[in-house]
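Trainee: Okay, so the sequence shown: first residue is 84 according to the working numbering, each after it adds one. The beta carbon of each residue, even a glycine, is placed where N, CA and C say it ideally should be.
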Amino acid sequence: MTEIKLYNTKTRKKEVFTPLDKKDVRMYVCGPTVYDRAHIGNARPVIVFDVLYRLLREVYGEGHVQYARNFTDVDDKINATAAARKEAGAAGTLEELVQERTDETIAWYLEDMGALGNLEPDHAPRATEYIQEMVDMSAMLIERGHAYEAEGHVLFDVTSYENYGSLSGRSVDDMIAGARVEVAPYKRNPMDFVLWKPSDAEQPGWDSPWGRGRPGWHIECSAMAEKLFGKRFDIHGGGLDLAFPHHENEKAQSCACGSEEDFAQVWMHNEMLQVEGKKMSKSLGNFFSVRELIDQGYPGEVIRFVFLGTHYRKPMDWTEKKAKEAARTLSKWRDAIDAQGDGKPSAEFLEVLSDDLNTPGAISLLHDLAAKKDWATLKASALLLGLLSPNMGDWINRGGVVLDQWQKKLTEVRSLAMETKDFSEVDRLKALLSNAGVSVQMGKEGILLVAGPEVDLSKLNGVSE
Ligand code: AMP
Ligand code: ZN
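1) By how many angstroms is the C-alpha of H229 removed from the C-alpha of E187?
2) In chain order, which alpha helix (DSSP H) runs of at least 4 residues are fully inside the stretch 215-277?
3) Let's see if you can read the secondary structure: which residues bound the beta strand (DSSP E) around K96?
4) Counting C-beta neighbours from all protein chains within 10 Å, is the total for Y550 16 or more, i.e. buried, or is it exposed?
5) Name the one or two DSSP bridge partners that T185 has.
6) Cutting at 8 Å between CB atoms, please list the residues of its own chain near Y231, excluding the five before and the five after it.
7) May I ask whether a heavy atom of ligand 2 can be found less than 7 Å away from the beta carbon of H329?
8) If I follow the unbroken beta strand (DSSP E) through K455, where does it start and stop?
9) Below 8 Å on the Cβ atoms is my guess for S342 versus K365; work out the distance and round it to an integer in Å.
10) Taking its Cβ as the centre, do 16 or more other Cβ atoms sit within 10 Å of L367, making it buried, or is it exposed?
11) Straight-line CA distance for D119 to L180?
12) Kindly confirm or deny that the stretch 374-392 and the stretch 138-149 touch, where touching means at least three C-beta pairs closer than 8 Å.
13) Is E212 a contact residue of ligand 2, with contact defined as CB to any heavy atom under 7 Å?
14) With three or more beta-carbon pairs closer than 8 Å as the criterion, would you say the stretch 385-398 touches the stretch 160-172?
15) Let me check one thing: in DSSP terms, what residues is A534 bridge-paired to?
16) To test your reading of the DSSP string, which unbroken beta strand (DSSP E) runs of 3 or more residues are found completely within the stretch 122-158?
17) Restricting to Cα atoms, I'd like to know which of K334, A514, A419 is closest to G526.
18) Hey, is I123's beta-carbon within less than 8 Å of any beta-carbon in chain C?
19) Below 8 Å between beta carbons: does that hold for G318 and M351?
20) Is the beta carbon of E178 less than 8 Å from the beta carbon of P281?
21) Pick helix, strand or coil for S291, following the three-state DSSP scheme.
22) Exposed or buried, what is D156 when buried is set at 16 or more other beta-carbons lying within 10 Å of its beta-carbon?
23) Hey, could you find the ends of the beta strand (DSSP E) N353 is sitting in?
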C-alpha cells in the first residue's frame, strides 16, 4: 500500500499517515461562512483537500473514505447582509432573509467549486441542523468546569484546559499580547471565547438553558465533527488563518468534552493566496470571486492547474501569466489524450503526490510523461489531481463554430503555402487570431486553435479570412 506522509501542524513534522481505521478514513475540513460568493482564496482549501480526498480514495478504496465539509450558516456577517437587504426594502422577516441568503450562497458555492473540478464531499452539514448538539456540548463543558455562563453568554474558560495553545504553539499570555481580542466585561479572561450568545427578537435564535440565542463559530465545527465522525478522527483541515483561534478553540472544546488529545490525529493547513504578488483586498481592486474569474473567461480547469502548481504549504500567487501557460499546457495534453485508452497512474506519480501532497512535483512528472508521449499514464495520473476529466474539457471548444471555420480556412491556406513556399498569408491569419486571444498550434497532425482565457472573438468580426 502506498505510504502517505502529511505535515501535521500539531507536531510541526511531516509524519507517516496511519488512519485510525483504514476501512473508514475520516477527514473534516472547515467550509465557508455563507454570506457571499466565494473569493478565489476560498477555493484554495477546497482544491487542496479535494486532491487529498482523491488520493485517500485511491489508496484506501472509494468506499473507505469519508469527507465532511460544513457550511457555517449562522454567523453575524450573514445577519448583517440580511439586515442590509431588509433595510433596502426586501420583503420577509430577518430570519427569512437570512435563510434566503444562506440558501442562495450555498447553491453558488457548490456550482463554483464544481466548476473548478472538485468532487462534492460525502457530508455537507449545515450548522443550523446541529444546534441541539451545540447546546448539549456547551452544557457538558459547563458541567465539567470548562465553561461558565455570564449575562446570557456561555464562555469557554481557556485557563481550565492546560493544553490550550498547543496547536498553534502559543501561550495564553502571548495570545493576549498579540491578538485583537474582544474585551467584554463578562469575560473572566480576555482569551475566553463564546460558545453561546443571546439573540434579540429579530436575530436567528434557538431556545437553550441560557435563553434564546445562537452558537459561537468554534463550537459549530466541534459539534458537527463529533456527530458525524465520533470523538476521534483522522484529518482536520482548513486555511492557515484558521489554525488560531478557530482550530485551537475547536480542539480545546472537543478535548475538554472527552476527546482528550485524540480529537483529530492530523491537522493540516493551506497557506494563503495572493494576486500578482499582493494581498488580495477590495481596496487594491484585486479581489475576485471564483465566478468573476470564470466569467472573465478563465476555464475552471485552468484555474485548478494554476493552483496545483504551488505546494499547499507555500503562499500562492495568482497571475495571468500562469493562467496562460496552464491553458497552453492543458490544451496540448487534451489534444493528445483524446483517443487514449485507460491507463493507471504511475507508481512514481503516486509516490510524489503522497509526499505531503507534492502537487508541483506531480505536475512536473506529467510533463515528463508528455515528453515520453505516454498519454494513457498521463491521463490517469492527471485524473488523480482532478485534471483532464471528460466533463471539464468544454473550454477547448469554446470558440465553437467561429473557430471551426477559421481552423478550416487556415488548414487550406497552409497546404497552399506548403506548395508555394509563401507563408505570408498563414502568418497574417495567425496574427489576427493571436490578436483576438486565440492560440494557434500547428503540428503534423493538423492545426489546433485554442481560445485563451481572454479571448475576444468580436475582434475577428469583419476581418477578412
Ligand atoms: P471563511 O468563509 O472566511 O471561513 O473561509 C473559508 C476557507 O477559505 C477557510 O478554510 C479559510 O482559511 C480559507 N481562506 C480564506 N482566505 C484565503 C486565502 N486568501 N487564501 C487561502 N485560503 C483562504
Ligand atoms: Zn471549523
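Mentor: This is what the structure holds:
1) As a working note, residue 187 is residue 104 in the sequence shown. As a working note, residue 229 is residue 146 in the sequence shown. Rounded to whole angstroms, E187 to H229 spans 37 Å at the Cα level.
2) 255-261
3) As a first step, residue 96 must be located in the sequence shown, where it is residue number 13. Start and end: 96-99.
4) Only positions 84 to 548 of the chain appear in the structure, and residue 550 is not among them; the question remains open.
5) Sequence index remark: in the sequence shown, residue 185 carries index 102 (1-based). In DSSP, T185 forms no bridge with anything.
6) In the sequence shown, residue 231 corresponds to position 148, counting from 1. Answer for Y231: I225, V237, L238, D240, R271, listed in chain order.
7) Here residue 329 is taken as the residue at index 246 of the sequence shown, counted from 1. For ligand 2, at least one heavy atom lies less than 7 Å from the Cβ of H329.
8) Taking the first residue of the sequence shown as 1, we reach residue 455 at position 372. Counting along the chain, K455 falls outside any beta strand (DSSP E), and DSSP gives it neither H nor E.
9) Translated into positions along the sequence shown, residue 342 becomes position 259. Translated into positions along the sequence shown, residue 365 becomes position 282. Incorrect: roughly 38 Å between the Cβ atoms, too far for contact.
10) For the purposes of this step, residue 367 is identified with residue 284 of the sequence shown, where counting begins at 1. Burial call: exposed.
11) Along the sequence shown, read from residue 1 onward, the residue named residue 119 stands at position 36. Along the sequence shown, read from residue 1 onward, the residue named residue 180 stands at position 97. Cα to Cα, D119 sits roughly 14 Å from L180.
12) no
13) In the sequence shown, residue 212 corresponds to position 129, counting from 1. No - ligand 2 has no heavy atom lying nearer than 7 Å to the Cβ of E212.
14) no
15) For the purposes of this step, residue 534 is taken as the residue at position 451 of the sequence shown. Note: A534 sits in a beta bridge opposite V521.
16) 148-152
17) Working through the sequence shown from its first residue, we reach residue 526 at position 443. Measuring from the Cα of G526, the nearest candidate turns out to be A419.
18) The structure shown contains no chain C; it holds only a single protein chain.
19) Position 235 of the sequence shown, counting from 1, holds the residue named residue 318. Position 268 of the sequence shown, counting from 1, holds the residue named residue 351. According to the sequence provided, residue 318 is Ile. The question's Gly does not apply to it. In this structure, M351 lies closer than 8 Å to I318 by Cβ.
20) Position 95 of the sequence shown, counted from the first residue, corresponds to residue 178. Position 198 of the sequence shown, counted from the first residue, corresponds to residue 281. In this structure, P281 does not lie closer than 8 Å to E178 by Cβ.
21) Counted from its first residue, the sequence shown places residue 291 at position 208. S291 falls in the coil class under three-state DSSP.
22) Counting from one through the sequence shown, the residue named residue 156 turns up at place 73. Counting Cβ neighbours within 10 Å, D156 comes out buried, since at least 16 surround it.
23) In the sequence shown, the residue the question calls residue 353 occupies position 270. Note, N353: beta strand (DSSP E), 347-353.
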